[in-house]
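Down below is the structure, laid out as structure tokens.
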Amino acid sequence: MPEQEDRIRTRLAQLPTTPGWIEAVGAWGPPAEPLDALEAVVDAAVARYARGAHGQPTMLVHAATAPAAVARVLPHLPTSLHEQSVRAAWAATCAVVAAYRATGDLPDTALEGRTADDLWQAALAHGGEHVIKLADTALASAARTGNDDGLHATARALELDA
């Protein structure tokens with residue numbers, strides 16, 4: 001996104017004229033397994049959160065939680081709505097991620113031996129709805145993938161008071 005200023009609506013308004021945007025969002029073909037595709041989008045957004053949350057920690061929560069919400073309702077939707085649901089979640093995540101540049105490196109958010117349970121308890125104690133939503137999504141991603149991205153994302157959300 002060319003201009004990284006102002007609020008999200010101003011940033012999103014740039015998307016139609018951002019070179020390559022339409023092609024990039026449309027380049028993703030129909031997923032063979034819609035649920036797997038949504039989980040991949042969630043996992044990528046969770047992995048990016050710690051590097052990009054400094055831009056707007058609350059808005060970037062939605063890059064991960066929106067496709068996670070679609071994944072939760074997908075089994076209850078008619079099959080005819082699966083593809084467009086995945087595409088909508090993909091486009092929404094891409095838009096939010098494009099609105100906020102990530103740093104190149106993972107910040108020094110120390111896990112200091114904190115477990116997923118420790119981080120979940122810290123998120124609950126924090127009480128912020130966005131911190132809790134991200135922790136729920138990010139810690140589920142960590143459990144599914146077996147990597148620490150979800151732990152780092154949760155620690156960063158707590159640190160930034162998302």
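The numbering of the sequence shown is the numbering used here, which starts it at 1 and goes up by one. Ideal Cβ placement from N, Cα and C applies to all residues, glycine included. Since this is a predicted model, take the numbers as computed values, not measurements.
Should residue 149 and residue 66 be called a contact, given that it needs their Cβ atoms to be closer than 8 Å? No, the Cβ-Cβ distance between residue 149 and residue 66 is not below 8 Å.
Do residue 162 and residue 130 have their C-beta atoms closer together than 8 Å? Taking a C-beta distance under 8 Å as the contact criterion, residue 162 and residue 130 qualify as a contact pair.
Terminal residues of the alpha helix (DSSP H) in which residue 134 lies: For residue 134, the uninterrupted alpha helix (DSSP H) segment begins and ends at 129 to 145.
Ordered along the chain, which non-local residues of its own chain (more than five positions away) have a Cβ less than 6 Å from that of residue 52? So the qualifying residues of the chain are 60, 100 and 102.
Just the C-alpha distance for residue 17 and residue 117, rounded to the nearest angstrom, thanks. C-alpha separation (whole angstroms): 44 Å.
To the nearest whole angstrom, what separates the beta carbons of residue 125 and residue 135, a pair I think is in contact under 8 Å? Not confirmed; about 11 Å, so no contact.
In this structure, does DSSP put residue 56 in helix, strand or coil? Note: residue 56 maps to coil in three-state DSSP.
Hey, is residue 60's beta-carbon within less than 8 Å of any beta-carbon in chain D? The structure shown has no chain D; it contains just one protein chain.
Taking contact to mean 3 or more Cβ pairs, one atom from each stretch, closer than 8 Å, check whether the region 27 to 41 and the region 77 to 88 are in contact. Taking one beta carbon from each stretch, the region 27 to 41 and the region 77 to 88 have 3 or more pairs nearer than 8 Å; the two touch.
Less than 8 Å between the beta carbons of residue 63 and residue 45, yes or no? Yes, these two residues count as a Cβ contact at 8 Å.
Can you tell which of 156, 145 and 93 has the C-alpha that lies nearest to the C-alpha of residue 21? Taking residue 21 as reference, the option from 156, 145 and 93 with the minimal CA-CA separation is 93.
Where residue 138 and residue 43 are concerned, what is the direct C-alpha to C-alpha distance, given to the nearest angstrom? A direct Cα-Cα distance of roughly 8 Å separates residue 138 from residue 43.
Please identify the residue among 40, 120 and 35 whose C-alpha is closest to the C-alpha of residue 156. Considering only alpha carbons, the answer is 120.
Name the residue from 127, 128, 143 and 98 whose alpha carbon lies nearest to the alpha carbon of residue 115. The shortest C-alpha separation from residue 115 is found at 143.
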